[in-house]
Every structure is written in C-alpha cells, then in structure tokens.
Amino acid sequence: MIAQIAREYDRGRLLLIATTNLDAGRPVIWNIGAIARSGHPKSQELIRRILLASASIPGAFPPVMFDVEVNGSPHQELHVDGGAVAQSFLYPASVSLRSSASFERARSAYIIRNAKLSAAPSETERRTLSIAGRAITTLITSNGVGDLYRMYTTTKRDGVAFNLAYIGNDFTEPHPGLFNRDYMNKLFGYGRSKARSGYPWQSVPPGLAS
Numbered sequence: 001m002i003a004q005i006a007r008e009y010d011r012g013r014l015l016l017i018a019t020t021n022l023d024a025g026r027p028v029i030w031n032i033g034a035i036a037r038s039g040h041p042k043s044q045e046l047i048r049r050i051l052l053a054s055a056s057i058p059g060a061f062p063p064v065m066f067d068v069e070v071n072g073s074p075h076q077e078l079h080v081d082g083g084a085v086a087q088s089f090l091y092p093a094s095v096s097l098r099s100s101a102s103f104e105r106a107r108s109a110y111i112i113r114n115a116k117l118s119a120a121p122s123e124t125e126r127r128t129l130s131i132a133g134r135a136i137t138t139l140i141t142s143n144g145v146g147d148l149y150r151m152y153t154t155t156k157r158d159g160v161a162f163n164l165a166y167i168g169n170d171f172t173e174p175h176p177g178l179f180n181r182d183y184m185n186k187l188f189g190y191g192r193s194k195a196r197s198g199y200p201w202q203s204v205p206p207g208l209a210s
C-alpha cells in the first residue's frame with residue numbers, strides 16, 4: 001500500500017494527514033506521499049504512527065510520541081488527533097494556487113464533513129462534568145463550522161469550486177456513543193442513499209446566502 005501511495009505521489013496526487021502537536025499547541029500536516037516516496041527505512045513505521053496519532057482522540061486514547069531532532073538535539077513530541085485544532089482542512093491558506101503555473105486548469109474541492117453542523121439539542125444535567133462535556137461538544141461543533149468558512153475563503157481567493165457535504169438534520173438516529181456499530185451502519189446507509197439519489201453539494205458554508 002505504501003508503494004502505491006508513493007507511485008500516486010509521483011503522479012501529482014497528495015495524501016495529507018493532520019495531527020496536533022500538544023507541546024507546541026499547533027497543527028502539523030504530514031505529506032504521507034512524500035514520506036512513502038522517500039525510501040527511508042523507517043518510513044513505514046512513521047506513517048503508521050501518524051495514522052495512529054491522527055485517530056488518538058484526546059481523553060479517549062493515549063497520545064503518540066514522536067522522536068525529533070531540533071538543532072542537533074533530540075526531543076520528543078506528543079501528537080493527538082488533528083481535530084484538537086481543526087475539525088477539517090483543505091490546504092494551508094499560506095499556499096496560494098493562483099501562483100501555480102497551471103492555474104488555468106479547473107479546480108474543484110469536495111469537502112465531506114463527517115458530522116452535523118449544529119449540536120443536537122440535549123438537556124444538560126446540572127453537574128460539573130455534564131456541563132463541561134456539553135460545553136466542549138458545542139465548542140468542537142462551532143469550531144468545525146469555522147473551519148468550513150476558512151476553507152471557503154481560501155477557495156474563493158484561489159478560484160477553486162467549493163462543494164460541501166455533511167450530515168443533515170434529516171438523519172435523526174440517536175447517537176449512543178463513539179464507534180457504535182449499529183449507529184455507524186445506519187449512518188453509512190444514510191450517506192449511500194444520498195449519493196445514489198444525486199447528492200446536493202452545497203456551494204457555500206452553512207448560513208451564508210448564495
């Protein structure tokens with residue numbers, strides 16, 4: 001699989017995965033294709049650790065330790081799920097596609113947000129942990145919407161067509177918790193049904209009039 005990723009990288013395709021460096025408090029975007037193409041003897045191990053870190057939800061799974069070298073001195077960094085900083089990303093805003101020599105080529109971005117765009121109504125128990133948990137859920141949801149607006153602004157600047165898919169309010173299955181098989185199967189069926197009928201991609205983020 002890693003060899004296939006390397007071949008696709010040579011064809012110009014990018015596989016980028018984000019983690020969060022807890023020590024620095026910032027996101028890190030890993031170019032998996034470049035790592036696979038490097039031929040380094042530890043590239044396979046590094047890719048596995050990146051995948052593990054990107055799925056390490058803080059508080060639910062332990063962070064992943066990375067050995068790094070800064071100015072010749074060895075250090076260690078703790079990395080967790082990239083969602084601690086951004087729920088989704090397209091490409092860094094500092095990278096302008098308008099400066100690319102192939103700008104005349106039509107570009108489209110298809111963004112699939114694996115979540116609803118608003119927190120489901122729920123009565124909050126008058127307890128510290130319940131209040132804190134509800135506040136964190138609301139914060140994550142709001143940050144996810146903010147990520148969409150940031151990506152939309154970047155695509156408008158660069159002339160990239162913006163297309164957004166997300167879990168609509170018509171999916172009403174109660175969410176019993178993380179990785180519930182029955183819930184995930186029903187969510188998959190919902191997405192497949194939408195795709196088969198011709199998914200209505202949104203050209204703007206939620207709340208922004210077209």
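Residue 1 is where the sequence shown starts when you use the working numbering, and the numbers rise one by one after that.
Cβ coordinates follow ideal geometry from the N, Cα and C atoms, glycine included.
Please read all numbers here as calculations on a predicted model, not as lab measurements.
Buried or exposed: where does residue 10 fall if 16 or more other Cβ atoms within 10 Å of its Cβ makes it buried?
Counting from 1 along the sequence shown, the entry for residue 10 is found at position 10. Counting Cβ neighbours within 10 Å, residue 10 comes out exposed, since fewer than 16 surround it.
Range of the contiguous beta strand (DSSP E) that encloses residue 108
Taking the first residue of the sequence shown as 1, we reach residue 108 at position 108. Here the beta strand (DSSP E) through residue 108 covers 108-113.
Looking only at its chain, what residues have a beta carbon closer than 6 Å to the beta carbon of residue 50, apart from the 5 residues adjacent to it on each side?
Within the sequence shown, residue 50 is the residue found at index 50, counting from 1. Closer than 6 Å at the Cβ level, and outside the excluded window around residue 50, lie 17 and 30.
Determine, using beta-carbon pairs with one atom in the stretch 67-76 and one in the stretch 125-133, whether at least three such pairs fall under 8 Å.
no
Using 10 angstroms around the beta-carbon of residue 152, count the other beta-carbons present and answer buried if the total reaches 16, otherwise exposed.
Here the question's residue 152 lines up with position 152 in the sequence shown. Buried: at least 16 other Cβ atoms inside 10 Å.
Ignoring anything shorter than 4 residues or poking outside the stretch 38-122, list the alpha helix (DSSP H) runs there in chain order.
43-54
If you follow the beta strand (DSSP E) that residue 167 is in, where does it begin and where does it stop?
Taking the sequence shown and counting its residues from 1, one reaches residue 167 at position 167. First-last for residue 167: undefined, no H or E at that position.
Cβ neighbours of residue 96 in the same chain (closer than 8 Å, five flanking residues each side left out):
The count along the sequence shown starts at 1 and reaches residue 96 at position 96. 157 and 158, listed in sequence order.
Please work out which residues of its chain come closer than 7 Å, Cβ to Cβ, to residue 15, disregarding the five sequence neighbours upstream and downstream, and give them in chain order.
On the sequence shown, residue 15 is found 15 positions in, with the first residue counted as 1. Closer than 7 Å at the Cβ level, and outside the excluded window around residue 15, lie 5, 32 and 33.
Taking buried to mean at least 16 other C-beta atoms within 10 Å of its own C-beta, is residue 113 buried or exposed?
Residue mapping note: residue 113 aligns to position 113 of the sequence shown, counting from 1. Buried: at least 16 other Cβ atoms inside 10 Å.
Looking at the structure shown, is residue 28 part of a helix, part of a strand, or coil, going by DSSP?
Counted from its first residue, the sequence shown places residue 28 at position 28. In the structure shown, residue 28 sits in a strand (DSSP, three-state: E or B).
Below 8 Å on the Cβ atoms is my guess for residue 90 versus residue 154; work out the distance and round it to an integer in Å.
Translated into the one-based positions of the sequence shown, residue 90 becomes position 90. Translated into the one-based positions of the sequence shown, residue 154 becomes position 154. Sure, about 6 Å apart at Cβ, within 8 Å.
Buried or exposed (CB count within 10 angstroms, at least 16 for buried), residue 68:
What you label residue 68 is simply residue 68 of the sequence shown in a count that begins at 1. Looking at its Cβ environment, which holds fewer than 16 other Cβ atoms inside 10 Å, residue 68 is exposed.
Can you find at least 3 beta carbon pairs, one from the stretch 55-64 and one from the stretch 75-85, that sit closer than 8 Å?
yes
Beta-carbon proximity list for residue 116, same chain, < 6 Å, skipping 5 on both sides:
What you label residue 116 is simply residue 116 of the sequence shown in a count that begins at 1. Excluding residues within five positions, the ones whose Cβ falls inside 6 Å are 167.
Should residue 12 be labelled buried (16 or more other beta-carbon atoms within 10 Å of its own) or exposed?
Stepping through the sequence shown from its first residue, residue 12 is reached at position 12. Classification of residue 12: exposed, given that the 10 Å Cβ count is below 16.
What is the rounded straight-line gap between the Cα of residue 163 and the Cα of residue 178?
For the purposes of this step, residue 163 is taken as the residue at position 163 of the sequence shown. For the purposes of this step, residue 178 is taken as the residue at position 178 of the sequence shown. Taking the straight line from one Cα to the other gives about 27 Å.
What residue range is occupied by the uninterrupted beta strand (DSSP E) comprising residue 178?
Position 178 of the sequence shown, counted from the start, is the residue given in the question as residue 178. That residue, residue 178, is in no beta strand (DSSP E); it is neither H nor E in DSSP.
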